[in-house]
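Some notes on the structure that comes next.
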Amino acid sequence: MNIILMGPPGAGKGTQSERILDYCSIPHISTGDMFREAIKNQTELGVLAQSYINKGLLVPDEVTIGLVKERLSRDDCKNGYLLDGFPRTIPQAEALQVLAKEISRPVQLVINIEADKDELIRRISGRRVCPKCGNSYHLLFKLPKVENICDACGSELIQRKDDTLESLNVRLDAYENQTKPLVEFYSKLGLCKTVNGLQSIDDVFNDIQKLLDEVK
Ligand code: ADP
Ligand code: AMP
């Protein structure tokens with residue numbers, strides 16, 4: 026399966042990715058996770074990406090496209106992929122059309138998770154993540170078993186630097202201006218299916234599962 030998960034920051038892309046991966050074993054390609062890993066290791070890419078990400082801005086297209094091109098060319102993507110947070114601009118989507126063709130894995134389904142601004146703010150401000158394994162929690166909606174400790178690896182949870190209200194406003198603007206046009210881009214190709222992200226985590230996944238079953 027060759028799938029894209031789309032939606033504004035906080036819509037639940039990372040959360041639903043975990044469920045999708047339990048359901049179909051394909052590589053999870055999250056450009057946000059890849060940038061955070063590069064930042065942790067302070068690589069050249071990490072230092073560059075950090076200057077954009079902490080302000081809530083998108084990393085430039087040529088950098089992001091290069092990263093995804095390299096990742097998609099690896100052997101594990103021969104069986105498909107789940108793209109989470111890529112593409113986020115029209116040039117990225119156009120580049121993906123070419124890359125996907127090169128590996129004979131055209132995009133089959135774009136799952137667009139929708140949620141309104143108040144809910145996105147509530148989700149982002151309560152999000153806590155594990156700095157070691159990347160697991161994501163929420164202070165109200167997805168509590169770890171032990172307060173502030175990752176269920177999976179026991180590390181202390183943190184708040185992402187770009188989950189401040191100031192960065193979030195910039196990220197929501199970037200979504201409106203640069204990413205939302207992709208809904209039309211993929212709808213014209215007959216690939217975009219919208220899911221109501223305001224439901225519980227389980228109910229959102231139920232809807233996604235139905236869409237996955239249609240292309241399986
Ligand atoms: P994204 O990857 O789209 O930025 P996440 O999956 O990290 O979003 O979700 C943002 C926050 O909202 C997380 O803390 C997550 O636990 C919580 N969350 C995700 N989906 C739901 C949902 N359907 N209902 C309530 N909280 C949710
Ligand atoms: P995410 O984890 O998907 O919320 O991404 C965190 C941040 O990484 C975003 O706010 C952007 O700054 C950057 N980023 C992730 N994916 C992309 C992308 N496809 N294009 C540009 N910037 C991205």
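According to my numbering, the sequence shown is numbered sequentially starting from 26.
We put the CB at the ideal spot given by N, CA and C, even for glycine.
Taking the C-beta atoms as reference points, Ala36 is found nearer than 8 Å to Ala140. Annotation: the continuous beta strand (DSSP E) that includes Asp109 extends over 106-109. One Cα belongs to Leu165, the other to Arg113, and the distance between them is close to 28 Å. Excluding residues up to 5 positions away in sequence, Met26, Cys49 lie with their Cβ nearer than 8 Å to the Cβ of Lys241 in the same chain. Here Leu190 is exposed. Its C-beta has fewer than 16 other C-beta atoms within 10 Å. Annotation note: the region 70-147 contains the following uninterrupted alpha helix (DSSP H) runs of length 4 or greater, listed N- to C-terminal: 86-97, 115-127.
Distance between Leu46 and Asn79, taken at the CA atoms: about 28 Å.
In this structure Leu193 is in contact with Ile149, their Cβ atoms being roughly 5 Å apart against a cut-off of 8 Å. Cβ-Cβ distances below 8 Å link Cys158 to Cys175, Ala177, Cys178, Ser180 in the same chain, with the five nearest sequence neighbours on each side left out; the list follows chain order. Pairing Asn202 with Lys103, the inter-Cα distance amounts to about 33 Å. CA-to-CA, the gap between Asp101 and Lys205 works out to about 29 Å. Along the region 168-238, the alpha helix (DSSP H) occurs as fully enclosed runs of 4 or more residues at 190-199, 206-213, listed in sequence order.
Rounded to whole angstroms, the separation of the alpha carbons of Phe60 and Glu69 is 11 Å.
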